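Peer 1: Pasting in a structure now, in structure tokens, and then I'll have a few things to ask.
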Amino acid sequence: MTILVRDGGVEDAEGVARAHVQGWRESYKDFLNAESLAGLSVEERFRMWSDILSRPDPTAKFLVAEDVDGTIVGFARGGAVREKGTTPLDTESELYAIYLIDRVKRQGIGRRLAIGVFDHLAQNFASAGLWVLEQNFSARSFYEILGGRPTVEQRLELRGQTVTEIGYRFEPIPRS
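This is how it looks when you write it as structure tokens:
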């Protein structure tokens, strides 16, 4: 399967919203209750992504993965740490999100997305971090293969459930 990874923009908000909701439902079906996942809304994610992508941020990198039909099947976004000075990650930058729908996983696309964002971050930052659900062992393995080290954990409310997230730190930031 041929997948194009390219810079994304506000014009991709609807496709990203669809991939985001589908990615959550597929990736978190074993960790979050069905009601929470059923309550995800493409319209709400579309508004969220339209707002985020309409505000240029030179520290951020946003990549989308699309199939030969132009359907967005994944995306990744990272930039300066969102809560500078207060995040327990203690990193300068952060991989905010990376999602793929199931049918394109384990083909190297996630790596292309992550490394594409990390290449951008490494130009301006010495360290990067991210948060992942503790029970998401496949994602955790992926981040460890990329050189991430689990450093901290936190509990939070996520869609009506209390979950534990593991913070991963990348220093140096991996590059292509």
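Count the sequence shown with our numbering and you get residues 59 to 234, in order.
Cβ atoms here follow ideal geometry from the backbone N, Cα and C, with glycine treated the same way.
If you're wondering where the values come from, they're calculated on a predicted model, not measured in any experiment.
1. Does the distance from the C-beta atom of G218 to that of L188 stay below 9 Å?
2. So, with DSSP's three-state summary, where would you put A184?
3. Using only alpha-carbon positions, find the residue among N194, Q80, R170, Q212 that is nearest to R233.
4. So within the stretch 141-226, which uninterrupted beta strand (DSSP E) runs reach at least 3 residues, ignoring any that extend past its ends?
5. Using the Cα positions of D200 and S112, report the straight-line distance between them to the nearest angstrom.
6. Apart from the five residues on each side of it in sequence, which residues of its chain come closer than 7 Å, Cβ to Cβ, to V100?
7. Tell me the DSSP secondary structure of A138 in three-state form.
Peer 2: Straight from the coordinates:
1. No Cβ-Cβ contact shorter than 9 Å links G218 with L188.
2. coil
3. R170
4. 151-158, 186-191, 207-216
5. The residue you asked about is not Asp; residue 200 is Phe in the sequence shown. If I take the Cα positions, the gap works out to 30 Å.
6. A75, R76, V79
7. strand
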